[in-house]
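Read the structure below first, then the notes.
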Amino acid sequence: MKITTLLLLGLLASNFSFSQTFSYSFSGELNASKIVKIEKKCKTIASVANAKFKYKEDSERGELILILEKNQKSLRSEADNQFSPSDIKTIMIDNNLSPISFRKISE
């Protein structure tokens with residue numbers, strides 16, 4: 002009974018939420034305060050629910066993981082406030098990071 006209830010709740014929750022995960026790899030020097038600053042700036046972009054860094058200090062390379070939440074209202078392709086990778090690229094360049102590649106991890 003418990004398993005059935007949990008499965009039903011999970012199924013219902015999955016119908017109401019939609020998210021996508023992207024990764025933007027980069028090179029450049031980062032410190033802890035810069036990471037926090039960039040993560041906060043990324044979260045202000047439309048549809049970005051969360052932004053997290055994976056960074057290797059020895060090679061000065063890393064990736065920024067972006068989790069997007071899509072509103073049910075804005076499912077039309079011509080919506081005004083769509084996510085654009087160029088916004089993230091601008092933030093990286095402004096913080097002296099060199100963007101390498103942008104890819105979709107999951108839908």
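Quick note: to get this note's numbering, add 1 to the position in the sequence shown (first position is 1).
By construction, the Cβ of each residue, glycine as well, lies at the ideal position given by its N, Cα and C atoms.
Nearest-angstrom Cβ-Cβ length linking residue i and residue j, presumed shorter than 8 Å
i, j, result
"I106", "K42", "Not quite, the Cβ-Cβ distance comes to about 21 Å (not below 8 Å), so this is no contact."
"L67", "F23", "5 Å"
"Y1", "E61", "Any question about residue 1 goes unanswered here, given that the chain covers just 2 to 108."
"D88", "I46", "5 Å"
Coil, strand or helix - residue i by DSSP
i, result
"K40", "Correcting the residue identity first, residue 40 is Glu in this sequence and not Lys. Three-state result, E40: helix."
"N16", "Residue confidence is low: N16 scores 46 on pLDDT, short of 50, so the model does not pin down where it sits. Its coordinate-derived value is still stated next. The answer is helix: DSSP assigns N16 an H, G or I state."
"K71", "coil"
"I89", "helix"
"S48", "coil"
"S34", "helix"
"D59", "coil"
8 Å Cβ cutoff, residue i in contact with chain D
i, result
"F23", "Protein chains in the displayed structure number just one, and chain D is not present."
Residue i and residue j closer than 8 Å at C-beta
i, j, result
"E40", "K53", "yes"
For residue i: DSSP bridge partner residues
i, result
"F54", "L65"
"P100", "F27"
"S107", "T22"
Alpha-carbon to alpha-carbon, residue j and residue i
i, j, result
"G29", "S99", "6 Å"
"K44", "F84", "11 Å"
"N32", "S20", "29 Å"
"V49", "K55", "17 Å"
"S34", "K57", "15 Å"
"I101", "P86", "12 Å"
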